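Chemist: Sharing a structure, written as structure tokens. Questions coming.
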Amino acid sequence: MNRHLRWTPVLICFAVTLSFSLNFYYRAPYHDHWDLVTHYQRLQTGAYAWGDLFVLHGSHWHASGLFVKLILAKLTGMSHWIESAASVAFAGLGFLALARILLRVFEQSGVASLRATIWLFGVAAFFFFSLDQAGNWLWGWQVSVFINLAGVLWAIERLSSGSPCCVNSLLASIAAAIAIYAFATGWAVIPIGFGILIVNGAHRTWQGRGALLIWTVSSALILLHYAIARSAATTAGLDTGFPTQLDFAALMGFVHYTINFLASPLVRFARDVSIPIILIGLGVSAWSIWRLRQFEGVHFWQRIAPVLALAAYSGGAALLTALGRWEAYGVKQAFVSRYISFGTLFWIAIFALAMLLIVKLRTRSHRVLISLLGMFLVLKLGNIPSVVQKPLRISADIQATSEVLAVRYPDVTPADYAVLHAPGQDIAPHLVILHDHRASFFATTPETDVEAPRD
-5 MNRHLRWTPV LICFAVTLSF SLNFYYRAPY HDHWDLVTHY QRLQTGAYAW GDLFVLHGSH
55 WHASGLFVKL ILAKLTGMSH WIESAASVAF AGLGFLALAR ILLRVFEQSG VASLRATIWL
115 FGVAAFFFFS LDQAGNWLWG WQVSVFINLA GVLWAIERLS SGSPCCVNSL LASIAAAIAI
175 YAFATGWAVI PIGFGILIVN GAHRTWQGRG ALLIWTVSSA LILLHYAIAR SAATTAGLDT
235 GFPTQLDFAA LMGFVHYTIN FLASPLVRFA RDVSIPIILI GLGVSAWSIW RLRQFEGVHF
295 WQRIAPVLAL AAYSGGAALL TALGRWEAYG VKQAFVSRYI SFGTLFWIAI FALAMLLIVK
355 LRTRSHRVLI SLLGMFLVLK LGNIPSVVQK PLRISADIQA TSEVLAVRYP DVTPADYAVL
415 HAPGQDIAPH LVILHDHRAS FFATTPETDV EAPRD
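Residues -5 to 449, numbered by my numbering, are exactly what the sequence shown covers, in order.
Spelled out as structure tokens, the structure:
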């Protein structure tokens, strides 16, 4: 019974985020979310095809997310509260995998006491469900982010669960495919998967070689599908978001962008210290690994590989995002609050390694390490109120605008709904679709009475 207490901080964090999301979710489509409206119309009219899910959105797919959002839209008339609830639910599903990964590492190291795991789960949940991800929690379009994270975490969990075998590799391949089809950052899990399999000796056994073959074939098929989709997008004249130059300046830009991306979960409110804070974080992880390596024995790298995979995924997500964004928007674009969700795993991994060292080797020298972890927590606490203000302001503006549209439409002007779309984006046809189908904020609008013809 006592072991269930470790889930108490997780449930608290989950409940807080769910309550926050259901109170402040965006009440109307916003920016990219308007793309869902045309998908919804084709679905309602029976003109939808499976291939429509796999059209590239910029440089990546949103197929997994679109699939979920279309099902929810069909069931609820495109209500947006359920999209935000789905985001939290998928995050919860992902956290289950994260918890299994972290608990297994601590158990294998012989330090999975109740007290240690309460702290471990508490810190992990605090970061994973943090409210500075409000730009994702409140915006229904971003359910793809949490589908992506859930897929990646379950792929890592299955690949690191015991000796490599075909069943786990197949399950991990499915989870990875779901992640990649949700968001382009999912590509980072492919080399990570190979790394986990090799570290666990997959190349030494027949079952392991089978696992490697399954991972290789599934990865190759997805890459082939992407090549076909990108070729079609290029032929159609769509922007696939790839850089046009790859010189030394670009390399430095990618590195700086990556640093900002990874630092954002802690210091988006203090951007000038992104480089020092990343160096400190890397120092904490390097020190923890070096000290643990002295005492853990021959299976050390196998034990910590899943934790390193978490950090590697954040780093890979940062590099992939830099590849598509740095050239057009510069290094500061990495501080977009929506990216915090991807960078969060980096800091959870650092905390896990440091806490493993602290629990395993109780010495006074850990005072500096504990102080640095405390500093990270303080920075996170400062990041939340700073970041959350803008999404809350947008939420309030969207609610006010949607209420006006619901009452006054079609007697409105573009200025009345300018807050709902990006500059240059024409949503007038989409408003017609929503109104005709009584969807989204038009759901409660009474239909216009039409007088029956007289005999």
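Virtual Cβ for every residue (Gly too), placed ideally from N, Cα, C.
Please read these numbers as outputs of a predicted model, since none were measured by experiment.
Could you give the DSSP three-state label for H415: helix, strand or coil?
Modeler: As a first step, residue 415 must be located in the sequence shown, where it is residue number 421. H415 falls in the coil class under three-state DSSP.
Chemist: Using 10 angstroms around the beta-carbon of D443, count the other beta-carbons present and answer buried if the total reaches 16, otherwise exposed.
Modeler: As a working mapping, residue 443 is identified with position 449 in the sequence shown. Because the pLDDT at D443 is just 46, under 50, the model does not fix this residue reliably, and the point stays unresolved.
Chemist: So what's H424 in DSSP terms, helix, strand or just coil?
Modeler: Looking up residue 424 in the sequence shown gives position 430. Correct three-state label for H424: helix.
Chemist: Between A303 and I190, is the Cβ-Cβ spacing less than 8 angstroms?
Modeler: Here residue 303 refers to the residue found at position 309 when the sequence shown is read from its first residue. Here residue 190 refers to the residue found at position 196 when the sequence shown is read from its first residue. Against a cut-off of 8 angstroms, the Cβ pair of I190 and A303 comes out as a contact.
Chemist: Taking only the alpha-carbon atoms, compute the straight-line gap between G202 and S103 and give it to the nearest angstrom.
Modeler: Working through the sequence shown from its first residue, we reach residue 202 at position 208. Working through the sequence shown from its first residue, we reach residue 103 at position 109. Going by the C-alpha atoms only, they are around 24 angstroms apart.
Chemist: Please go through the same chain and pick out, in chain order, the residues whose beta-carbon is closer than 8 angstroms to the beta-carbon of P447, but skip the five residues on each side of it.
Modeler: The residue you call residue 447 lines up with position 453 of the sequence shown. With a pLDDT of only 42 at P447, under 50, the local geometry of the prediction cannot be trusted, and the value read off the model is given with reservation. If we look at P447 and ignore the five residues flanking it on each side, it has no Cβ neighbours.
Chemist: To the nearest angstrom, how far is it from the Cα of V4 to the Cα of L92?
Modeler: The residue labelled residue 4 in the question sits at position 10 within the sequence shown. The residue labelled residue 92 in the question sits at position 98 within the sequence shown. Rounded to the nearest angstrom, the two C-alpha atoms are 12 angstroms apart.
Chemist: How about N(-4) and L147: are their beta carbons less than 8 angstroms apart?
Modeler: Your numbering for residue -4 matches position 2 in the sequence shown. Your numbering for residue 147 matches position 153 in the sequence shown. No, Cβ-Cβ distance for N(-4) and L147 is not below 8 angstroms.
Chemist: Spatial neighbours of G310 within its chain, please: CB distance less than 6 angstroms, with the 5 preceding and 5 following residues excluded, ordered by chain position.
Modeler: Taking the first residue of the sequence shown as 1, we reach residue 310 at position 316. So the qualifying residues of the chain are A182.
Chemist: Please classify R297 as buried or exposed, where buried requires at least 16 neighbouring CB atoms within 10 angstroms.
Modeler: Here residue 297 refers to the residue found at position 303 of the sequence shown. With 16 or more Cβ atoms within 10 Å of its Cβ, R297 is classed as buried.
Chemist: Three or more beta-carbon pairs under 8 angstroms between the segment 410 to 426 and the segment 45 to 55, yes or no?
Modeler: With a cut-off of 8 angstroms, the segment 45 to 55 and the segment 410 to 426 do not count as touching, because too few Cβ pairs lie within range.
Chemist: What number of angstroms, rounded off, separates the C-alpha of R21 from the C-alpha of D126?
Modeler: Taking the first residue of the sequence shown as position 1, residue 21 is located at position 27. Taking the first residue of the sequence shown as position 1, residue 126 is located at position 132. Whole-angstrom Cα-Cα distance: 19 angstroms.
Chemist: Using a C-beta cutoff of 8 angstroms, does L87 count as contacting chain B?
Modeler: The question asks about chain B, but that chain is absent: this structure has only one protein chain.
Chemist: Since H54 sits in a beta bridge, which residues does DSSP pair it with?
Modeler: Here residue 54 refers to the residue found at position 60 of the sequence shown. The partner list for H54 (beta bridge, DSSP) reads H51.
Chemist: Mark M369 as exposed unless 16 or more other C-beta atoms lie within 10 angstroms of its C-beta, in which case mark it buried.
Modeler: For the purposes of this step, residue 369 is taken as the residue at position 375 of the sequence shown. Exposed: under 16 other Cβ atoms inside 10 Å.
Chemist: Any contact between the segment 369 to 386 and the segment 251 to 266? By contact I mean 3 or more CB pairs, one from each, below 8 angstroms.
Modeler: Taking 8 angstroms as the limit for Cβ pairs, the verdict is that the segment 251 to 266 does touch the segment 369 to 386.
Chemist: Pick helix, strand or coil for L92, following the three-state DSSP scheme.
Modeler: Residue numbering aside, residue 92 sits at position 98 when the sequence shown is read from its first letter. Three-state result, L92: helix.
Chemist: A422: which of V401, L373, F255 and V31 sits nearest, CA to CA?
Modeler: Working through the sequence shown from its first residue, we reach residue 422 at position 428. Per the Cα distances, V31.
Chemist: Starting from the Cα of S81, find the closest Cα among Q35, A110, G277 and N142 and give me that residue.
Modeler: Taking the sequence shown and counting its residues from 1, one reaches residue 81 at position 87. The candidate whose alpha carbon is nearest that of S81 is N142.
Chemist: Tell whether a beta-carbon distance below 8 angstroms holds between I186 and I150.
Modeler: On the sequence shown, position 192 is the one that residue 186 refers to. On the sequence shown, position 156 is the one that residue 150 refers to. For I186 and I150, yes; Cβs fall inside 8 angstroms.
Chemist: Counting only the same chain and skipping the five closest in sequence on each side, list residues whose C-beta sits under 7 angstroms from that of T111.
Modeler: Along the sequence shown, read from residue 1 onward, the residue named residue 111 stands at position 117. Taken in chain order, the residues that qualify are R0, L97 and F100.
Chemist: Going by other Cβ atoms of all chains shown within 10 Å of its Cβ, with 16 needed for buried, is S13 buried or exposed?
Modeler: On the sequence shown, residue 13 is found 19 positions in, with the first residue counted as 1. Flag for S13 reads exposed.
Chemist: Can you round the beta-carbon distance between D46 and H33 to whole angstroms, since I take them to be within the 8 angstroms contact cut?
Modeler: Stepping through the sequence shown from its first residue, residue 46 is reached at position 52. Stepping through the sequence shown from its first residue, residue 33 is reached at position 39. Right, their Cβ atoms sit about 6 angstroms apart.
Chemist: May I have the straight-line CA-CA distance separating L428 from Y24, to the nearest angstrom?
Modeler: Indexing the sequence shown from 1 puts residue 428 at position 434. Indexing the sequence shown from 1 puts residue 24 at position 30. Approximately 13 angstroms between the Cα atoms of the pair.
Chemist: Determine the contact status of S282 and A221, defining contact as a CB-CB distance below 8 angstroms.
Modeler: For the purposes of this step, residue 282 is identified with residue 288 of the sequence shown, where counting begins at 1. For the purposes of this step, residue 221 is identified with residue 227 of the sequence shown, where counting begins at 1. Against a cut-off of 8 angstroms, the Cβ pair of A221 and S282 comes out as no contact.
Chemist: Whose CA, out of S58, H74 and I253, lies closest to the CA of Y333?
Modeler: By one-based count along the sequence shown, residue 333 stands at place 339. Nearest of S58, H74 and I253 to Y333, Cα basis: I253.
Chemist: Hey, how far is the Cα of C160 from the Cα of T210?
Modeler: Position 166 of the sequence shown, counted from the first residue, corresponds to residue 160. Position 216 of the sequence shown, counted from the first residue, corresponds to residue 210. For C160 and T210, the distance between alpha carbons rounds to 12 angstroms.
Chemist: With a threshold of 8 angstroms on Cβ separation, who are the neighbours of F121 within its own chain once the five nearest residues in sequence on each side are excluded?
Modeler: By one-based count along the sequence shown, residue 121 stands at place 127. Taken in chain order, the residues that qualify are P259, T338, W341, I342, F345 and K374.
Chemist: Which stretch, first to last residue, makes up the alpha helix (DSSP H) that contains D29?
Modeler: Numbered from 1 along the sequence shown, position 35 holds the residue referred to as residue 29. D29 to Q38 is the extent of the alpha helix (DSSP H) around D29.
Chemist: Is F123 helix, strand or coil when you go by DSSP?
Modeler: Along the sequence shown, one-based indexing puts residue 123 at 129. Coil at F123, not helix or strand.
Chemist: Going by C-alpha distance, which of A400, W55, P404 and S331 is nearest I174?
Modeler: Taking the sequence shown and counting its residues from 1, the one referred to as residue 174 is at position 180. The candidate whose alpha carbon is nearest that of I174 is W55.
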